[in-house]
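Residue numbers (UniProt numbering): 1 to 368.
For every residue, glycine included, the Cβ atom is placed at its ideal position computed from N, Cα and C.
Reviewing the structure listed below.
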């Protein structure tokens with residue numbers, strides 16, 4: 001997986017001793033005007049910003065942790081407003097999966113030039129532009145910039161490393177996002193944290209809703225042997241007690257497979273419950289195998305609002321693990337052949353919400 005990051009570089013004004021404070025004031029006002037309040041607690045913050053300058057560079061690097069997606073349009077608008085408000089030049093940078101690069105120069109609110117590769121190939125259409133002239137380090141020319149993009153790099157962020165010294169940007173700073181900066185630079189830079197003043201209040205879930213989030217879709221079992229299938233079942237609703245697991249399909253109608261034991265626990269817990277599968281027929285005369293865990297605690301689940309910030313998304317991921325149920329199913333291969341079966345997970349008693357299901361798990365029972 002390649003790199004994904006965005007940042008904005010702000011050209012320093014060495015004649016203005018309060019320039020850094022002006023950058024801080026700009027972002028503070030922008031967030032306060034958008035319904036946020038300042039907090040010193042990064043963990044509880046909804047949005048955070050890092051403003052960094054290593055003193056040897058001609059630029060301030062700005063990293064925002066605000067949204068889940070890479071939004072180039074929003075990033076370009078931000079750079080335009082910053083350059084207009086501060087009367088300075090900014091460089092907007094976006095890297096997507098290490099194979100797409102966008103660099104845009106804004107001066108006084110206007111995008112003067114941009115460079116990006118075409119159709120996710122490392123081919124750049126670079127027009128002549130004087131927008132770079134006032135940014136170049138001593139002795140460097142725009143032809144030096146052009147020559148960098150004539151090179152063939154495997155990762156687009158390598159172009160940033162080559163261009164950085166030509167315009168006196170710290171190459172490390174230029175190739176980072178908020179997350180990467182905090183990991184590599186730790187406590188460097190000025191950090192600003194904001195929390196939503198009037199957060200969207202989500203009603204607690206009224207029903208117990210289950211959903212399988214991780215499972216294998218293709219297995220190979222040797223005839224006469226067993227293996228363990230690992231399934232992840234997420235609770236995304238109200239807490240409850242009692243869990244039922246049901247297996248059904250051709251695999252059991254034709255006696256290809258025989259499930260024996262289910263081992264179940266909450267993610268991170270050492271308290272595991274084991275129960276044997278029982279073979280029976282359903283009301284529509286299908287052969288099914290079921291395992292019931294009476295009193296098993298189904299935790300309350302977590303949901304994510306559509307307008308969630310990056311920090312809220314991270315907290316959601318952390319919380320969602322706490323409501324994940326791990327299910328290990330031991331299953332034996334009875335006769336050779338290719339088959340499949342479905343898995344259902346529901347509350348006990350049933351119909352307290354939405355059940356989780358896997359439509360088809362494919363299994364090949366290999367002849368010894």
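| Asked | Found |
| --- | --- |
| In DSSP terms, what residue 65 is bridged to | 48 |
| Closest residue to residue 93 among 142, 367, 80 and 248 (Cα-Cα distance) | 80 |
| Spatial distance of residue 68 from residue 318 (CA atoms) | Its pLDDT being 48, under 50, residue 68 is placed unreliably in this model, and the coordinates cannot settle the point. |
| Backbone secondary structure at residue 28 - three-state DSSP | helix |
| CA nearest to the CA of residue 399, picked from 43, 52 and 346 | The shown model of the chain, from 1 to 368, leaves out residue 399, and the question about it has no answer. |
| Residue 135 to residue 197 span [Cα, whole Å] | 40 angstroms |
| Residue from 105, 124 and 123 with nearest C-alpha to residue 133 | 105 |
| Exposed unless 16 or more other CB atoms sit within 10 angstroms - verdict on residue 244 | buried |
| Any non-hydrogen atom of the ligand COA closer than 8 angstroms to residue 346 Cβ | Among the components of this structure there are no ligands whatsoever, and the ligand COA is therefore not found. |
| Beta-carbon contacts of residue 368 that lie in its chain and below 7 angstroms, excluding the five residues immediately before and after | 222, 223 and 224 |
| Span of the beta strand (DSSP E) around residue 281 | 278-281 |
| Residue 304, enclosing alpha helix (DSSP H) - first and last residue | From DSSP, residue 304 is part of no alpha helix (DSSP H); its letter is neither H nor E. |
| Within the stretch 227-273, ranges of the alpha helix (DSSP H) (whole runs, at least 4 residues) | 250-253 |
| N- and C-terminal bounds of the beta strand (DSSP E) containing residue 166 | Taken as a continuous stretch (DSSP letters only), residue 166 belongs to no beta strand (DSSP E), as it is neither H nor E. |
| C-alpha gap between residue 3 and residue 349, whole angstroms | 47 angstroms |
| Three-way DSSP call (helix, strand, coil) for residue 275 in this model | strand |
| Limits of the unbroken alpha helix (DSSP H) element including residue 171 | 171-174 |
| Residue 316, enclosing alpha helix (DSSP H) - first and last residue | 310-322 |
| Continuous alpha helix (DSSP H) stretch holding residue 218: start and end | From DSSP, residue 218 is part of no alpha helix (DSSP H) but of the beta strand (DSSP E) over 218-222. |
| Segment contact, 8 angstroms Cβ cut-off, at least three pairs: the stretch 272-280 with the stretch 253-262 | yes |
| DSSP state of residue 180 mapped onto helix, strand, coil | helix |
| Residue 203, enclosing alpha helix (DSSP H) - first and last residue | No alpha helix (DSSP H) contains residue 203, which DSSP labels as neither H nor E. |
| Inter-residue spacing [alpha-carbon to alpha-carbon] between residue 238 and residue 16 | 56 angstroms |
| Distance CB(residue 266)-CB(residue 322) smaller than 9 angstroms | yes |
| The stretch 42-62 contacting the stretch 204-217, beta-carbon criterion three pairs below 8 angstroms | no |
| Under 9 angstroms between C-beta atoms of residue 22 and residue 58 | no |
| Extent of the continuous beta strand (DSSP E) to which residue 341 belongs | 337-347 |
| Same chain, Cβ closer than 6 angstroms to residue 228, five either side skipped, listed in chain order | 328 and 330 |
| For residue 374: DSSP bridge partner residues | The requested residue 374 is not part of the displayed model; the chain covers only 1 to 368. |
| Which listed residue (100, 64, 358 and 212) has its alpha carbon closest to that of residue 180 | 64 |
| Contact set for residue 300: own chain, Cβ-Cβ below 8 angstroms, skip 5 residues either direction | 204, 205, 235, 237, 238, 239 and 323 |
| Residue 341 and residue 325 closer than 9 angstroms at C-beta | no |
| Closest by C-alpha distance to residue 334, when choosing among 280, 251 and 293 | 251 |
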